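A.B. asks:
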Amino acid sequence: MFRAAGKRWKNRQNKISIRLNQLVKKFDFCDGLVAPLDRANVDTDAIIPKQFLKSIKRSGFGQNLFDEWRYLDHGEPGMDAARRKPNPDFILNLARYQGAQILLARSNFGCGSSREHAPWALQDYGFQVVIAPSFADIFFNNCFKIGLLPIVLDVADVDQLFTEVEATAGYRLLVDLQDQSVTTPSGKSFSFDIDPFRKHTLLNGLDEIGLTLQHMDKIKAFEEKHRAAQPWLFT
893 MFRAAGKRWK NRQNKISIRL NQLVKKFDFC DGLVAPLDRA NVDTDAIIPK
943 QFLKSIKRSG FGQNLFDEWR YLDHGEPGMD AARRKPNPDF ILNLARYQGA
993 QILLARSNFG CGSSREHAPW ALQDYGFQVV IAPSFADIFF NNCFKIGLLP
1043 IVLDVADVDQ LFTEVEATAG YRLLVDLQDQ SVTTPSGKSF SFDIDPFRKH
1093 TLLNGLDEIG LTLQHMDKIK AFEEKHRAAQ PWLFT
C-alpha cells in the first residue's frame, strides 16, 4: 500500500488500482490583487514558524502564515486565530490587501530551512503567485510541486511594482502563464522565464505522482513482463 498527497496505490496479485484526488490545480492565469511584502531575505521560519510544522497535511497553515509578524501574541498550534491580537501594521492585516492572490516580495525569498510547509502556508492563505527578484532554490522548487507559481523579475521591475502597488489601492496584476507575462493595470507587460517542463506541469495540474500516472501503460507492461520472467516472486 502506498499513500501520498491524497492518493492511494495498491498492487494485489499484479493488479494495479489507483485512487487519485488531484491536489495540484491547473494554473493558466491569475488576475489578482497584489500584497507587497517589502522585506528582503524572508526565511521559511518567518513564513511559517517551526511550532506549526507537526502536520503533514497541506491545509490549515494559512492562518499561521507570517505568524510572528501578523500577530502581537506568540502563536501555538490549536490557538483560535479569531481570538488573537493582530498586528495592525503588518501588510496582510490592512483592509486594502484582504483577499490578495499575488505576493510581491524582495530578494532571496524563502531562504533558510527546506520546509515544504512554507509554500503550503502561502497557498493555503490564498496566494497563487509570488513575484520576487530571486528565491532560495529549495523553496523555488517546492512551489512548483504544489502549483504555486514563483516568478523572477529584474530588481528594477520589482521596484517599479512596489511603487505602483503601494500608491494604488486595489492594485491588480494579470499573470498569464501561457504567454509568460505579468501585466499591470496601465497595460505595461513584463516577461518572465520558466522551465518548459515546469510550465507543462502547472498548465496541466500535474504533481510527481500525476506525471507517473501518465505512463501507466508502460508500468503495467513492465509488471506483466516481470511476472512472466520471475513468477516465483509473485507466489
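Throughout the sequence shown, residue numbering follows my numbering, covering 893 to 1127 in sequence.
Just so you know, even glycine gets a beta-carbon here, dropped at the ideal spot from N, CA and C.
Since this is a predicted model, take the numbers as computed values, not measurements.
To the nearest angstrom, how far is the alpha carbon of Phe-1087 from that of Ser-951?
C.D. replies: The count along the sequence shown starts at 1 and reaches residue 1087 at position 195. The count along the sequence shown starts at 1 and reaches residue 951 at position 59. Correcting the residue type first, residue 1087 is Asp in the shown sequence and not Phe. Answer to the nearest angstrom: the Cα atoms are 27 Å apart.
A.B. asks: Among residues of its own chain, excluding the 5 on either side of Asn-979, which ones have a beta-carbon nearer than 7 Å to its beta-carbon?
C.D. replies: Here residue 979 refers to the residue found at position 87 when the sequence shown is read from its first residue. Cβ neighbours of Asn-979 beyond the five flanking positions: Trp-961, Arg-962, Tyr-963, Leu-964, Asn-985.
A.B. asks: Please go through the same chain and pick out, in chain order, the residues whose beta-carbon is closer than 6 Å to the beta-carbon of Gly-1004, but skip the five residues on each side of it.
C.D. replies: Residue mapping note: residue 1004 aligns to position 112 of the sequence shown, counting from 1. Around Gly-1004: Asp-935, Thr-936, Asp-937.
A.B. asks: How big is the Cα-Cα spacing for Leu-945 and His-1009?
C.D. replies: For the purposes of this step, residue 945 is identified with residue 53 of the sequence shown, where counting begins at 1. For the purposes of this step, residue 1009 is identified with residue 117 of the sequence shown, where counting begins at 1. The alpha-carbon atoms of Leu-945 and His-1009 are separated by roughly 7 Å.
A.B. asks: Within 10 angstroms of the Cβ of Ala-1120, are there 16 or more other Cβ atoms? Answer buried if so, exposed if not.
C.D. replies: One-based indexing of the sequence shown puts residue 1120 at position 228. So Ala-1120 ends up on the exposed side.
A.B. asks: Report the residue from Trp-1124, Val-1022, Gly-1018 whose alpha carbon sits nearest the alpha carbon of Leu-1053.
C.D. replies: Locating residue 1053 in the sequence shown gives position 161, where the first residue counts as 1. For Leu-1053, the nearest C-alpha among the options comes from Val-1022.
A.B. asks: Tell me the start and end of each unbroken beta strand (DSSP E) in the stretch 972-1006 that is at least 3 residues and wholly inside, in chain order.
C.D. replies: With a minimum length of 3 residues, the continuous beta strand (DSSP E) runs that stay inside the stretch 972-1006 are 994-996.
A.B. asks: How many whole angstroms separate the CB atoms of Ala-1028 and Gly-1002, which I take to be in contact at a CB cut-off of 8 Å?
C.D. replies: Looking up residue 1028 in the sequence shown gives position 136. Looking up residue 1002 in the sequence shown gives position 110. Right, their Cβ atoms sit about 4 Å apart.
A.B. asks: Quick check on DSSP: helix, strand or coil for Gln-1020?
C.D. replies: Within the sequence shown, numbered from 1, the residue matching residue 1020 stands at position 128. Correct three-state label for Gln-1020: coil.
A.B. asks: Put Pro-1042 into one of helix, strand or coil per three-state DSSP.
C.D. replies: The count along the sequence shown starts at 1 and reaches residue 1042 at position 150. DSSP places Pro-1042 in strand when its eight states are reduced to three.
A.B. asks: Compute the Euclidean distance between the alpha carbons of Leu-1143 and His-1118, then round it to the nearest angstrom.
C.D. replies: Residue 1143 lies beyond the residue range present for the chain, which begins at 893 and ends at 1127; the question has no answer from this structure.
A.B. asks: For Phe-1036, count the other beta carbons within 10 Å of its own beta carbon; 16 or more makes it buried, fewer makes it exposed. Which is it?
C.D. replies: Along the sequence shown, one-based indexing puts residue 1036 at 144. When all chains shown are included, Phe-1036 counts as buried.
A.B. asks: Quick one: using the 10 Å Cβ neighbour count with 16 as the cut-off for buried, is Val-1047 buried or exposed?
C.D. replies: As a working mapping, residue 1047 is identified with position 155 in the sequence shown. Per the 10 Å Cβ criterion, exposed.
A.B. asks: Take the Cβ of Arg-975 as the centre, count every other Cβ of all protein chains shown within 10 Å, and call the residue buried at 16 or more, exposed below.
C.D. replies: Locating residue 975 in the sequence shown gives position 83, where the first residue counts as 1. It is exposed - the Cβ of Arg-975 has fewer than 16 other Cβ atoms within 10 Å.
A.B. asks: When you compare each of Asp-1016, Pro-969, Glu-1058 to Ile-1038 by their alpha carbons, which one comes out closest?
C.D. replies: Against the sequence shown, residue 1038 aligns to sequence position 146. Per the Cα distances, Asp-1016.
A.B. asks: Use the C-beta contact count for Trp-862: other C-beta atoms within 10 angstroms, 16 or more gives buried, fewer gives exposed.
C.D. replies: In this structure the chain extends from 893 to 1127, so residue 862 is not present and cannot be described.
A.B. asks: What does DSSP give as the partner residue(s) for Ser-1081 in the beta ladder?
C.D. replies: Sequence index remark: in the sequence shown, residue 1081 carries index 189 (1-based). In DSSP, Ser-1081 forms a bridge with Thr-1075.
A.B. asks: With respect to the beta strand (DSSP E) encompassing Val-1067, which residues constitute its N-terminal and C-terminal limits?
C.D. replies: Against the sequence shown, residue 1067 aligns to sequence position 175. Run containing Val-1067: 1064-1068, per the beta strand (DSSP E) assignment.
A.B. asks: Note down the Cα distance separating Ile-983 from Pro-1077, rounded to an integer number of angstroms.
C.D. replies: Taking the first residue of the sequence shown as 1, we reach residue 983 at position 91. Taking the first residue of the sequence shown as 1, we reach residue 1077 at position 185. Their Cα atoms are separated by approximately 21 Å.
A.B. asks: Quick check: the Cα distance between Lys-899 and Glu-1058, rounded to an integer number of angstroms?
C.D. replies: Taking the first residue of the sequence shown as 1, we reach residue 899 at position 7. Taking the first residue of the sequence shown as 1, we reach residue 1058 at position 166. Confidence in Lys-899 is poor, its pLDDT being 49 and thus under 50, which makes the residue's placement too unreliable to answer from.
A.B. asks: If you reduce the DSSP assignment to three classes, tell me which class Leu-1125 lands in.
C.D. replies: The count along the sequence shown starts at 1 and reaches residue 1125 at position 233. Residue state, collapsed to three classes: helix.
A.B. asks: Could you check whether Arg-988 and Asp-930 sit closer than 8 Å to each other, using their CB atoms as the reference points?
C.D. replies: Numbered from 1 along the sequence shown, position 38 holds the residue referred to as residue 930. Numbered from 1 along the sequence shown, position 96 holds the residue referred to as residue 988. Cβ atoms of Asp-930 and Arg-988: not closer than 8 Å.
A.B. asks: Taking Cβ to Cβ, would you say Ile-939 is nearer than 8 Å to Leu-957?
C.D. replies: Here residue 939 is taken as the residue at index 47 of the sequence shown, counted from 1. Here residue 957 is taken as the residue at index 65 of the sequence shown, counted from 1. Closer than 8 Å, so yes.
A.B. asks: What would DSSP say about Pro-928, mapped onto helix, strand or coil?
C.D. replies: To locate residue 928, count along the sequence shown from 1; it is residue 36. In this structure, Pro-928 counts as strand in the three-state DSSP scheme.
A.B. asks: Taking only three categories from DSSP, how would you classify Phe-1054?
C.D. replies: In the sequence shown, the residue the question calls residue 1054 occupies position 162. If DSSP states are grouped into helix, strand and coil, Phe-1054 belongs with the helices.
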